[in-house]
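Numbering-wise, our numbering puts 1028 at position 11 of the sequence shown, and it's gapless, one number per residue. Worksheet: one structure, shown below.
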Amino acid sequence: MLKLKLRERPFPELSYANPHQPALTRWFIHSVEGLSGRDRFAALYDFWRRQVAPSGERVFSRMLELIDVKVRNAAPWPPAMLPDTPLVIVANHPFGIGDGIAVLSLAEQLGRPFRVMIHKDLLKIREMEPYSLPIDFSETKEAVKNN
C-alpha cells in the first residue's frame, strides 16, 4: 500500500484538511491551499496572533490591513443612529473568509460587544473564541443540543 508522507506545515489550524480525511484528499487540499498563497498568509497570521490579537484592539481591521484589503462603504460607517438593542449581522461567505473578516472589522467599529456565528471548525484558530458563537454542523444529538 502506498503511504503518502505530507510535509509538516506551520499552523495546521489554517487548513481545511484534517487528519480524519484520506491522505489523497489532504494532499489535494494542501496543494490548492499552497497554490492559493497559504504560506504567505500563514506568516501574516503568525504576526497577527503574536502582535495584534493579544491587544484586543481593532483585531479584524488590523487583519485586513495586514492582507492589504480595504473596505469601502456606500454609506457612512458606523451609522450615526444605532438602536440600543442587540444587533445581529449576518454574512454569507461566497468569497471565502475575506468577506467574513471585513464584516467583523465593521462590527468592531460599532464600539459595542459582538459575536459572530461561526462554523465550530474555525475555532481551531483560538483567537476567534471571544468573538464567536460556534455552530456544529455535524448531525449528532449532541451537536443539535449545543446549537
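No residue lacks a Cβ here, since even glycine has one placed at the ideal position from N, Cα and C. This structure is a prediction, so every number in the text was calculated from the model and none was measured.
query	result
Compute the Euclidean distance between the alpha carbons of V1105 and A1060, then round it to the nearest angstrom.	32 angstroms
Would you decide whether M1098 is buried or exposed? Buried here means 16 or more other CB atoms lie within 10 Å of its CB.	exposed
Going along the chain, which residues of its own chain have a beta-carbon closer than 6 angstroms to the beta-carbon of R1079, five neighbours each way excluded?	V1069
Could you tell me the boundaries of the beta strand (DSSP E) in which L1150 lies?	1149-1152
Around the C-beta of S1122, are 16 or more other C-beta atoms found within 10 angstroms, so that it is buried, or is it exposed?	buried
Could you tell me whether the segment 1142-1151 touches the segment 1040-1053, where touching means 3 or more Cβ pairs closer than 8 angstroms?	no
Which residue from K1162, P1027, E1156, G1128 puts its Cα closest to that of D1101?	G1128
Given 8 angstroms as the limit, is there contact between the segment 1124-1142 and the segment 1080-1099, that is, 3 or more CB pairs closer than that?	yes
DSSP state of M1134, grouped into three classes?	strand
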